[in-house]
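According to numbering that gives the first Met the number 0, the sequence shown is numbered sequentially starting from 0.
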Amino acid sequence: MERFTPLVPGQCFHIFNRGNNRENLFREKWNYERFLRLYSHHIFPVADTYAYCLLKNHFHFLVRLKDDLPECLFPAGFSKPFSNFFNAYARSFNIAYGRSGALFQRPFGRVPVEGRSHLIHSIVYVHQNPQRHGFVKDFRDWPYSSFHVLVSNHLSFVERGDVMKIFGSRQRWRESHEAIISDAEMAVLTKESFR
0 MERFTPLVPG
10 QCFHIFNRGN
20 NRENLFREKW
30 NYERFLRLYS
40 HHIFPVADTY
50 AYCLLKNHFH
60 FLVRLKDDLP
70 ECLFPAGFSK
80 PFSNFFNAYA
90 RSFNIAYGRS
100 GALFQRPFGR
110 VPVEGRSHLI
120 HSIVYVHQNP
130 QRHGFVKDFR
140 DWPYSSFHVL
150 VSNHLSFVER
160 GDVMKIFGSR
170 QRWRESHEAI
180 ISDAEMAVLT
190 KESFR
């Protein structure tokens, strides 16, 4: 049995996964929208979201599990809401495309984020991901990430105020995103490549 890091209330985590056999998780625009609606329904009650990026065959979320999660509601562990979320999306995807079987690799990736510097690098890494994998030339052009959400006034489950406090200011947030994260820095942020 593969070992994985347990999710702990009050802790920040980089959550990621990809399609089983590297299959695309998102084929059409409505897939991205459905995924985020289900995420909001299942994860918003248990975690604060600092950043996300949805790519064709994988995704990244940077979350902080809420402090006051009662263990009695999650006897199978705090990963249960994530499992419910992934299962709900897989069911709708399988029905829509006439497929069956696992959509996601198991278990989903989770890396504890330790300290402010690691948190800043993780947020930038998540946003720069589409450029890194060649989906776009400039990550700011990718529509399915929290990059633009964080500087907009649109209603969102992303914790804008908390994220700007982490960076210190909106200007520092922008400057941090200008620097490309090195391969060595990224190796700390995630243990698995999604190429």
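Cβ atoms here follow ideal geometry from the backbone N, Cα and C, with glycine treated the same way. Computed from a prediction, not measured in an experiment: that's the story for all the values here.
Here DSSP, grouped into helix, strand and coil, assigns D66 to coil. In the DSSP assignment, R109 falls within the unbroken beta strand (DSSP E) covering 108-112. Of all C-beta pairs linking the stretch 10-19 to the stretch 91-111, three or more are shorter than 8 Å, placing the two stretches in contact. Excluding residues up to 5 positions away in sequence, Q130 lie with their Cβ nearer than 8 Å to the Cβ of D137 in the same chain. Contact between Y143 and L72 does not hold, since their C-beta atoms are separated by about 30 Å, which reaches or exceeds 8 Å. For H153, there is no enclosing alpha helix (DSSP H), since its DSSP letter is neither H nor E. Y51 carries a strand assignment under DSSP once its states are collapsed to helix, strand and coil. Around D47, the same chain offers R63, E158 as residues with beta carbons nearer than 6 Å, after the five sequence neighbours per side are excluded. Per DSSP, the continuous beta strand (DSSP E) segment holding N16 begins and ends at 11-17. Here S144 carries a strand assignment [DSSP, helix/strand/coil].
The beta carbon of F134 is closer than 8 Å to those of L54, K55, W141 in its chain, skipping five residues each way along the sequence.
DSSP, read as helix, strand or coil, puts L61 in strand.
Excluding five sequence positions before and after K79, the CB atoms of its chain that fall closer than 8 Å to its own CB belong to F73, given in chain order. Cβ neighbours of P8 within its own chain (closer than 6 Å, five residues either side excluded): L64, D66, L68.
Between Y49 and L37, the gap from beta carbon to beta carbon reaches 7 Å or more.
Residue state for A46 is assigned as strand, using DSSP reduced to three classes.
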